[in-house]
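Asker:
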DNA sequence: CTTACGCCTTCCAATAGTTGGAAGGTCAAG
DNA sequence: CTTGACCTTCCAACTATTGGAAGGCGTAAG
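Protein chains in written order, with the working numbering: chain W, 1 to 131; chain A, 132 to 262.
See the structure below:
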C-alpha cells in the first residue's frame, strides 16, 4: 500500500511517517518503480506500535529503543521494564512539579479580586517574592 | 551594570537575556559607547519577574502578556486572574494525562517478569492492543 | 490525446525555549 | 603590549510535529 493508506490504517500522519523514516525510528520503506514508498501490514504494525508508545508519553529516543527491543526476539523483558519504569519516574516527577505550580497559582488567585482594580496578588508575587 | 552582572543578579542566563530581548519579551536594553548592554535595577526586576513566571510554568507568550500587565498601572486584576486560571486549567489537564499514562504503564509493568525471558506484556500491549 | 485532480516525492522553514559554539570587539590589570 | 575576562552578533542544535512550495506520477473524463 502507499503512504497515504498506511497513514490512514496506522493513524500516523504521512508526513510524520516520512519523518520517522528519516530519523531512523522505522526502517526505510521499499519503493515502487515510480519511487513511491510501499508498505506491508508488518510495516503498519510498527507504525501503530510507535503511535501507541507516543500515546504513553515515551520520547522518540525511548521509542527507538522499544522498537529495537520489539523486533529483537532474544530481548530480555527486564530491558523493557527498566525503560518503562524509568519513564514512569520521569512522569511522576513532572506531575509533582505541575501540582506544585497549580497549588501556588491557585493560592495566589484566591486572593486576587478579579475586578477592575489594579491590585493583584499574582502580579505582586511575581514582581517581589521568591516564587 | 553589564549583562553578566544582570544575569547573576536576576538568575537569568546572559544568553537567555539577549534572546528574551530579541523576541520582545523584555524592552531593548540601553547601550554603552562600546555597544555593551547596560541594565538598571528596574531592568533586573523585569528579568526576575520573567524567571519566576517561567518557574510557574507560564509560556513565553503568556509571560509577554504578564509583563505588559505588570508594567501597565491601569490594568485590571481580572485580566491577570483569567490568565492565571486558564494556565491552571492547562496544567491540570496535563497532570491528568500524565497520571493516566503512569497508571497504564504501572499496570503493564506489574505483569512483566523483568527477567531474561523475552515475554513482556508492555511490548505485547504496544504491539497489539489499543493503548 | 490531453487535461484535471489527487496522490506522491524532496527540501526548507516554522513552532517553543534554550543552549552551544565561532569569530570578533572591548576593558582592565600586569 | 599582551593576557584574559567580558561583551558583541550570527548560526546551529535540541524534540516532535506541522506546513508549504515545486515538481513527478496515475487514473478518469472530455
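Glycine residues also receive a C-beta, built at the ideal position from the N, C-alpha and C atoms.
Determine whether the Cβ of residue 9 of chain W lies closer than 9 Å to any Cβ atom of chain A.
Answerer: So no, residue 9 of chain W is outside the interface.
Asker: So, at 8 Å on beta carbons, what are the nonlocal neighbours of residue 3 of chain W in its own chain, with the 5 sequence-adjacent residues on each side left out?
Answerer: Exclusion of the five residues before and after residue 3 of chain W leaves 14, 17, 18, 29, 36, 37, 39 as the residues of its chain whose Cβ lies within less than 8 Å of its Cβ.
Asker: Within this structure, are the beta carbons of residue 111 of chain W and residue 87 of chain W separated by less than 9 Å?
Answerer: no
Asker: Tell me whether residue 130 of chain W sits in a helix, a strand or coil according to DSSP, three-state version.
Answerer: Bear in mind that a pLDDT of 46 at residue 130 of chain W, under 50, signals an unreliable position, so the number given afterwards is only what the model happens to contain. Of the three classes helix, strand and coil, the one that applies to residue 130 of chain W here is coil, per DSSP.
Asker: Looking only at C-alpha atoms, which of A:204, A:232, A:132 sits nearest to residue 91 of chain W?
Answerer: A:232
Asker: Compare the C-alpha of residue 104 of chain W against each of W:121, W:89, W:115, W:117 and name the closest.
Answerer: W:121
Asker: In terms of alpha-carbon separation, which member of W:82, W:106, W:109, W:77 lies closest to residue 247 of chain A?
Answerer: W:77
Asker: In the DSSP output, which residue or residues are listed as bridge partners for residue 116 of chain W?
Answerer: Partner(s): none; residue 116 of chain W has no beta bridge.
Asker: Mapping DSSP to helix, strand and coil, what is residue 162 of chain A?
Answerer: strand
Asker: Indicate whether residue 181 of chain A and residue 143 of chain A have their beta-carbon atoms separated by less than 9 Å.
Answerer: Yes. Within cutoff.
Asker: Could you say which of W:60, W:96, W:99 lies nearest to residue 83 of chain W if we only look at CA atoms?
Answerer: W:60
Asker: Among W:31, W:6, W:74, whose alpha-carbon lies nearest the alpha-carbon of residue 46 of chain W?
Answerer: W:6
Asker: Less than 9 Å between CB atoms is the rule here; does residue 101 of chain W satisfy it with respect to chain A?
Answerer: So, interface residue.
Asker: Cβ of residue 47 of chain W less than 9 Å from any chain A Cβ?
Answerer: no
Asker: In three-state terms, what does DSSP make of residue 54 of chain W?
Answerer: The three-state reading of DSSP puts residue 54 of chain W in helix, counting H, G and I together.
Asker: Suppose you measure from the CA of residue 128 of chain W to the CA of residue 203 of chain A; what does that come to, to the nearest Å?
Answerer: 16 Å
Asker: Consult DSSP for residue 67 of chain W and reduce its assignment to one of helix, strand or coil.
Answerer: helix
Asker: Check whether the Cβ atoms of residue 226 of chain A and residue 98 of chain W sit closer than 9 Å, and answer yes or no.
Answerer: yes
Asker: Scan the region 66-88 of chain W for residues whose Cβ lies nearer than 9 Å to a Cβ of chain A and list them as they occur along the chain.
Answerer: 66, 69, 70, 72, 73, 74, 75, 76, 77, 78, 79, 80, 81, 82, 83, 84, 85, 87, 88
Asker: Measure the C-alpha to C-alpha separation of residue 85 of chain W and residue 63 of chain W and round it to an integer number of angstroms.
Answerer: Distance from the CA of residue 85 of chain W to the CA of residue 63 of chain W, rounded to the nearest whole angstrom, comes to 14 Å.
Asker: Among the residues of its own chain, which have a CB less than 6 Å from the CB of residue 175 of chain A, if the five just before and after it don't count?
Answerer: 137, 140, 141
Asker: Can you check DSSP and say which residues form a bridge with residue 37 of chain W?
Answerer: W:31
Asker: Residues in its own chain within less than 8 Å of residue 254 of chain A by CB, not counting five upstream and five downstream?
Answerer: Around residue 254 of chain A: no qualifying Cβ.
Asker: Consider the Cβ of residue 191 of chain A: report whether some Cβ of chain W lies at a distance smaller than 9 Å.
Answerer: no
Asker: Could you name the residues of the same chain whose beta carbon sits closer than 8 Å to that of residue 93 of chain W, not counting the 5 residues immediately before and after it, in chain order?
Answerer: none
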